[in-house]
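Per our numbering, the sequence shown starts with residue 7, numbered consecutively.
Okay, structure first, notes after.
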Amino acid sequence: MIVHAGLLVTMDGPPIADAALRIEGNRICALAHRDSLPPAPGEHVVDLRDHIVLPGLINAHCHLDYSMMRGAISPPKSFTAWVQRINALKRSLDADDYLAAIQRGIAELRRWGTTSVANIEAFPELMPRIPPAPLRIWWFYEMIDVRHRITTEDVVAGALSFFNQQAPGGETGGGGLSPHAPYTASRTLYGLAAECSRKLSMPVCTHLAESREEFAMFHDGSGPLHDFLRDIGRPMEDCGHKQTPFAHLWHTGSIDHSWILVHMNELTEDDFALLETAPTERRPHIVHCPGSHSYFNHSPFAFRRLQSLGINLCVGTDSLASTDSLSLLRELRRLQTTEPSLSARELLETVTLNPARALQRQGQLGALTLGACADLIALPSPHKVSELAYDSVLACTEPVHWMMIDGKIVA
Ligand SMILES: [Zn+2]
């Protein structure tokens, strides 16, 4: 099959005007100017000459489970109040509600051009009931051992039997482990998750240093999150030792380049120094969620500083319980307002090349190159000028017109 594109944004070299792309099976096997790559006799041609064609976008952090919660929780006075509110909402929903939410979330991701998503799954027991998704999904098994009656060993055993019984993500996606956050997952659980992930060669994802309340809990042993968790029975002896949430986790010795750290808003000078102690190629990946960040009014995210440390920075949406859309381009436009010095190309890297690397699929996803997976999307193109390609992509507020995942046209 040949795809003709008005403008091809490969994310691997300059954009190509009037381009042609040959797909064989699920792979890209040639790309060039249209004149140099004519269709073979009888070869199917997809005409996208009025479009910009680019790699399918990769959402580095999402919770499909909560896709029915858009607008359900007004911006809260405190992060803890939000945690309590979402816990109450979760208790009012049943398995069918969550299954419907996951489908709704998948449809919205696709509508806005996402072809791969790193999804944190709080209800992995529902997965056998989820039909094969027309989307690459990395199912990150959420692990929490803060509650009574659930031992750390039970949580790990549950995750391992889950991965033994099924191949999450089927042929196109993948799986991972996700100890939820240092305030809900013990250091023992983090250590075991790291060990399991190493053995299974899977990425690990966690929420870290998100809120001022998490910082106060660990550093000062005080504040609303501290008191709430103490009252539900969390052992609090790891709090109040002037240690930051990041240092709390870093000193487990588990964090390396297989880790995806989500949020990382509350970092001190000492935290940056700790990050620098690891060789650049072994530093963890970091995900920023601009909409959720602004909803909670978190401390500024140190994009440029982390970037200067060679950290691989990705963008995700988080869930619809703390943002209003699963559109990654919308998230990038938000990020552009807080980081105006970032170029449109740099912004697009955070939803293509960078998350592909975080998911250990560099060279296969997030770029249109020879041998890469055929995951492409097409956007309407007001400009056909290569220099404006990245800005035109970023400015697009329309749903995608056409999408291919793994060599199959799906929209
Ligand atoms: Zn999250």
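Glycine residues also receive a C-beta, built at the ideal position from the N, C-alpha and C atoms.
**OP:** Determine, using beta-carbon pairs with one atom in the stretch 156-164 and one in the stretch 338-356, whether at least three such pairs fall under 8 Å.
**Re:** no
Original post:
Can you check whether the CB of His69 is closer than 8 Å to the CB of Asn125?
Top reply: yes
**OP:** Compute the Euclidean distance between the alpha carbons of Leu132 and Asp41, then round it to the nearest angstrom.
**Re:** 50 Å
**OP:** Report yes or no: do the stretch 93-111 and the stretch 393-400 share at least 3 C-beta pairs separated by less than 8 Å?
**Re:** no
Original post:
Span of the beta strand (DSSP E) holding Ala350?
Top reply: Segment 350-355 is the alpha helix (DSSP H) holding Ala350; no beta strand (DSSP E) there.
**OP:** Hey, could you find the ends of the alpha helix (DSSP H) Gly197 is sitting in?
**Re:** 193-206
Original post:
Excluding the five sequence neighbours on either side, which residues of its own chain have a C-beta within less than 6 Å of the C-beta of Val59, listed in chain order?
Top reply: Ala11, Leu14, Leu382, Ala384
Subject >> Reference Ile4, options Tyr72, Ser264, Gly31, closest by Cα >> reply: For residue 4 there is no data in the structure shown, the boundaries of the chain being 7 and 417.
**OP:** Could you pull the start and end residues of the alpha helix (DSSP H) that Thr283 belongs to?
**Re:** 275-283
Original post:
Going along the chain, which unbroken runs of the beta strand (DSSP E) with 3 or more residues stay wholly within the stretch 37-97?
Top reply: 51-61, 63-68
Subject >> Range of the contiguous alpha helix (DSSP H) that encloses Pro185 >> reply: Note, Pro185: premise wrong, no alpha helix (DSSP H); beta strand (DSSP E) at 180-185.
Subject >> Whole-Å CB distance - Thr121 paired with Gly62, under 8 Å assumed >> reply: 3 Å
Original post:
Taking just the CA atoms, how far does Pro138 sit from His254?
Top reply: 38 Å
Original post:
Hey, is Val15 close to ligand 1, as in C-beta under 7 Å from one of its heavy atoms?
Top reply: no
Original post:
Would DSSP call Val293 helix, strand or coil?
Top reply: strand
**OP:** Can you tell me which of the three DSSP states Ser1 falls into?
**Re:** Here the chain covers residues 7 to 417 and nothing more, so residue 1 does not appear.
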